[in-house]
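Working notes for the structure below.
Protein chains: 2
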Amino acid sequence: MAVPSAGRYELHYWPTIPGRGEFVRLALEYAAIPYVDVARLPEDEGGGEEALYASLDRVHPRTIPFAPPYLKAGELVIAQTANILLFLGKRHALAPDDEAGWLWTHQLQLTVTDFVAEVHDTHHPISVGEYYEDQKAEAAKRTAAFRKSRIPKFLGYFEKVLERAAGDWVNGKQVSYADLSLFQVVQGLRYAFPRWMHKHEKNYAKLLALHDRVAALPRITSYLQSPRHIAFNEDGIFRYYKALDRAD
Amino acid sequence: MAVPSAGRYELHYWPTIPGRGEFVRLALEYAAIPYVDVARLPEDEGGGEEALYASLDRVHPRTIPFAPPYLKAGELVIAQTANILLFLGKRHALAPDDEAGWLWTHQLQLTVTDFVAEVHDTHHPISVGEYYEDQKAEAAKRTAAFRKSRIPKFLGYFEKVLERAAGDWVNGKQVSYADLSLFQVVQGLRYAFPRWMHKHEKNYAKLLALHDRVAALPRITSYLQSPRHIAFNEDGIFRYYKALDRAD
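So the sequence lines, in the order shown, correspond to chains A and B. For the first sequence, the working numbering gives the first residue as 317, with consecutive numbering after it. For the second sequence, the working numbering gives the first residue as 317, with consecutive numbering after it.
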């Protein structure tokens, strides 16, 4: 396998979906940190899903990832999305320096993590190893409960957090990786549940305003228009299935 | 509400289950950190589920928890189990000091977090807001896939991590909160899936040995026999339902 990126961070994630990797990409892009999205390289340069899967076991003698995404930063191999963001936050000022500040930012991120896992399970309530088409009836039931109770609970929480924030961002004046992740939550929900969002998103005005502020950050605007950005699709976490999207 | 614990940490968690709070309790107990398990106090001293639920909104003007557990440490209010452990790990030497070490320990903990969420969803595959009895058919299907694919995937991963560890513990010579959490994973699986574990646990010899080493740590042994320790039951995360436990 070629070494594509001496000196640069390497992001290793499934090459065809935004998925959990997107939360990391948004942080790298916003902070203008040079990185290589390794699995998206041609296969003869180390890209592709097979190479990614095979790398999990051998990327490090000891600190092996359970699953993508993982980040290589010199000798470090860091997995778990929120852990990668914690690392980037400390090293690249994407979160406050003080203990209360970085703990709070990470706490919010872990709540985003919980939400993302629940989003995934709307289309895979029975088995991650089987297709959505083989668990459609259960997916409809789970997603009904998700729309009715879980989206409002999580978005209501994020809205309350923003109501209490001392400024435009969750930490006040400084953009953090948690702001970028909340942007992605709104993006994903609008993609997966457009009818639900059309009717209900107005209840979360501060969250929508945060979303718009993130979208207007010049490096984010530019990233979203670049070929580095992968559109949502039905292999990822936020998927659009007409049967799962209802206004109520 | 009384202030039960000036100067001590306050753990706030549902008072009748081990649940996610148990991962925090194990760390506090192992490190002999004085704490008050607030919701287990009498109601006139601030205990009880109602007071816990009501506290979420007002425990801090800004850094409010999404859900229990949370830890009050002086002015800090820290939520999300893995985040609490990250904090305790740094402050009380429950994880290595160096960047690679604390990141790795946290990464493992976040994988435990993922597993625990999947354990919960075996008995609640459709809706966290409804009873198990109202989603039994789907629970049987989800748990069949969980036993067949997910337990082996997670335990196989933890086993591999321990095979590669440079000593008795995940970080070699020093006990970390991740070791304590892996102990709890084995405890929980043996409670919830005794038939499955009886047949399969021998495939995870290093994990079982780690479990036994943790159980033999004097402060853990003593904690498990104390009234501070709450037994597993069918309101928690690891639940025993005969219909969900099969050897295959």
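Glycine included, C-beta positions come from ideal geometry on N, C-alpha and C. Predicted model, so just to flag it, every value in this text is computed and none were measured.
| Asked | Found |
| --- | --- |
| With 9 Å as the threshold, decide whether the Cβ of residue 379 of chain A is near any Cβ in chain B. | yes |
| Would you decide whether residue 395 of chain A is buried or exposed? Buried here means 16 or more other CB atoms lie within 10 Å of its CB. | buried |
| If we ignore side chains and look at the alpha-carbon of each, how far apart do residue 510 of chain B and residue 340 of chain A end up? | 39 Å |
| Which residues in chain B sit within 7 Å of residue 533 of chain A, going by Cβ to Cβ distance? | None at all; the shortest Cβ gap to chain B is about 23 Å. |
| Quick check: the region 367–386 of chain A against the region 530–541 of chain A, are at least 3 beta-carbon pairs closer than 8 Å? | no |
| Name the DSSP bridge partner or partners of residue 485 of chain B? | B/488 |
| Identify each residue in the region 517–543 of chain B for which the Cβ-Cβ distance to at least one residue of chain A is less than 7 Å, and report them in chain order. | none |
| Between the region 438–472 of chain A and chain B, which residues of the former have CB atoms less than 7 Å from a CB of the latter, in chain order? | 441, 442, 443, 445, 454, 457, 458, 461 and 465 |
| Taking residue 459 of chain A as the reference, which of B/442, B/432 and B/354 has the closest Cα? | B/442 |
| Helix, strand or coil, according to DSSP, for residue 318 of chain A in the structure here? | Interpretation of residue 318 of chain A is limited by its pLDDT of 42, a score under 50 that renders its predicted location unreliable; the figure taken from the coordinates is listed afterwards. Residue state, collapsed to three classes: coil. |
| Between which two residues does the alpha helix (DSSP H) holding residue 559 of chain A run? | Neither: residue 559 of chain A is in no alpha helix (DSSP H) and is coded neither H nor E. |
| Taking all protein chains shown into account, decide if residue 542 of chain B is buried (16 or more other Cβ within 10 angstroms of its Cβ) or exposed. | exposed |
| Looking only at its chain, what residues have a beta carbon closer than 7 Å to the beta carbon of residue 317 of chain B, apart from the 5 residues adjacent to it on each side? | In this predicted model, residue 317 of chain B has a pLDDT of only 40, less than 50, meaning its place in the structure is not dependable; the value taken from the coordinates is given anyway. Counting only Cβ-Cβ distances below 7 Å, and skipping sequence neighbours, we find 362 and 367. |
| Alpha carbon to alpha carbon, how far is residue 515 of chain A from residue 482 of chain B? Give it in angstroms, no decimals. | 55 Å |
| Could you pull out every residue in the same chain whose Cβ sits closer than 6 Å to the Cβ of residue 566 of chain B, ignoring the five residues on either side in sequence? | There is no way to answer for residue 566 of chain B, as the model of chain B reaches only from 317 to 564. |
| Could you check whether residue 426 of chain A and residue 429 of chain B sit closer than 9 Å to each other, using their CB atoms as the reference points? | yes |
| Per DSSP, which one or two residues make a beta bridge with residue 328 of chain B? | B/386 |
| Indicate whether at least one CB of chain A lies closer than 9 Å to the CB of residue 365 of chain B. | no |
| Would DSSP call residue 352 of chain B helix, strand or coil? | strand |
| Out of B/497, B/558, B/551 and B/556, which has the shortest C-alpha to C-alpha gap to residue 528 of chain B? | B/497 |
| Since residue 444 of chain A is in the beta strand (DSSP E), which residue starts that stretch and which ends it? | Element bounds for residue 444 of chain A: n/a, residue is neither H nor E. |
| What are the residues that DSSP puts in a beta bridge with residue 343 of chain A? | Its beta-bridge partners do not exist; DSSP assigns none. |
| If you draw a straight line from the C-alpha of residue 346 of chain B to the C-alpha of residue 334 of chain B, how long is it? | 16 Å |
| Within 9 Å (strictly less), CB to CB, does residue 394 of chain B reach chain A? | yes |
| Please work out which residues of its chain come closer than 6 Å, Cβ to Cβ, to residue 462 of chain A, disregarding the five sequence neighbours upstream and downstream, and give them in chain order. | 438 |
| Could you check whether the Cβ of residue 481 of chain A sits closer than 9 Å to any Cβ belonging to chain B? | yes |
| Identify whether residue 400 of chain A lies in helix, strand or coil by the three-state DSSP scheme. | helix |
| When the cut-off is 9 Å and only beta carbons count, does residue 429 of chain A lie next to chain B? | yes |
| Go ahead and label residue 532 of chain B buried or exposed: buried means 16 or more other beta carbons lie within 10 angstroms of its beta carbon, across all protein chains shown. | exposed |
| Around the Cβ of residue 479 of chain A, are there at least 16 other Cβ atoms within 10 angstroms (buried) or fewer (exposed)? | exposed |
| Could you confirm whether any beta carbon from chain B is found closer than 9 Å to the beta carbon of residue 382 of chain A? | yes |
| Taking Cβ to Cβ, would you say residue 501 of chain A is nearer than 9 Å to residue 492 of chain A? | no |
| Taking 9 Å as the cut-off, decide whether the C-beta atoms of residue 392 of chain A and residue 328 of chain A are in contact. | no |
| With a threshold of 9 Å between beta-carbons, can residue 485 of chain A be considered close to chain B, or not? | no |
| Short of 7 Å Cβ to Cβ, which residues in the region 387–412 of chain A face chain B? | 392, 394, 395, 396, 398, 399 and 403 |
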